[in-house]
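A quick write-up on the structure given underneath.
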Amino acid sequence: MKKALTIALAAALASGTMMAQAYQQGDWVLRVGATTVDPDTDSDDINLPQGVVAQADVDDDTQLGIIPMYMVTDKFGVELLAATPFEHDISADVRGSSLSVDAGSTKQLPPTLVVQWYPRGGEDGWQPYIGIGLNYTLFFDEDVDNELVDTLGALTDGVVQNADLDLDDSFGLAAQAGIDIPFSDRWAFNIGVWYIDIDTEAEITAKAAGGAQVAKVKFDVDIDPWVYNIGIAYKF
């Protein structure tokens with residue numbers, strides 16, 4: 083994804099078309115594109131039966147980003163990162179081996195409100211920006227993979243027959259940088275990058291065939307993703 087960002091930026095700069103009017107107070111800009119959440123995961127140890135220790139890992143996902151921005155002044159704007167729901171596969175990597183178990187999946191929405199500074203605000207042409215703000219991540223539709231259930235069953239001599247996964251929502255800081263590179267009065271290429279502090283407490287509940295709880299384990303997961311957007315922007 084980082085390579086794709088570099089190529090897209092080089093292509094946009096090479097176009098040499100800097101025709102857009104300046105961003106000014108009262109302008110609305112809508113950015114739409116392919117938005118990728120690329121977690122940099124770190125988790126507590128997950129203590130499984132028979133002394134097996136694992137750590138969680140979260141895969142990336144790409145969805146449609148819909149990102150409105152309002153210019154409060156010529157130099158400062160407020161932007162909301164929104165997107166269609168991301169869905170991430172979760173694995174449990176066993177410590178001391180190459181074994182990785184498909185643990186499950188979750189969907190999430192990470193709305194992120196950022197205050198941005200535009201150093202070239204009020205000037206025509208390309209518009210770089212940086213920002214800082216707050217993120218709230220809502221996790222939902224958590225699902226446990228059969229491979230994890232089978233693994234837990236094997237470690238408990240068949241006692242575990244089912245399992246549930248629950249992830250707490252997260253609230254944290256976000257930092258951002260990006261650039262709009264115009265190719266007409268109102269249209270521009272957009273490239274944006276965020277780093278978001280997403281920390282959650284995960285809970286796995288192992289159950290017997292009749293639904294009785296066998297065991298419950300809780301552990302913290304630092305997801306802390308880099309988020310990338312490549313798309314277009316339209317100034318109203």
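Remember, this note's numbering sits 82 above the position in the sequence shown when you count from 1.
Where is the CB? At the ideal position from N, CA and C, for every residue including glycine.
Cβ atoms of Tyr105 and Gln258 stay farther apart than 8 Å, at about 16 Å.
When rounded, the separation of the alpha-carbon atoms in Leu195 and Ile214 is 8 Å. In this structure, Trp199 and Lys157 form a Cβ contact; the two beta carbons are roughly 6 Å apart against a cut-off of 8 Å. Contact annotation: Asp139 and Ser179 have beta-carbon atoms that are not nearer than 8 Å. In the DSSP assignment, Val197 falls within the unbroken beta strand (DSSP E) covering Thr194 to Trp199.
In the three-state DSSP reduction, Gly215 falls in the strand class (E or B). When C-alpha distances from Ala164 are compared across Ile212, Gly115 and Ile273, the shortest belongs to Gly115. In the DSSP annotation of this structure, the continuous segment of the beta strand (DSSP E) that includes Thr188 starts and ends at Ser182 to Leu191. Here DSSP, grouped into helix, strand and coil, assigns Val241 to coil.
Residue pairing by DSSP places Leu163 opposite Thr194 in a beta bridge. In the DSSP assignment, Ile305 falls outside any beta strand (DSSP E) and carries neither an H nor an E. The C-alpha of Thr238 lies about 15 Å from the C-alpha of Val299.
Here the C-alpha atom of Ile312 lies approximately 24 Å from the C-alpha atom of Val154. Contact annotation: Val226 and Asp246 have beta-carbon atoms nearer than 8 Å. Between the alpha carbons of Gly274 and Ile261 lies a gap of roughly 7 Å.
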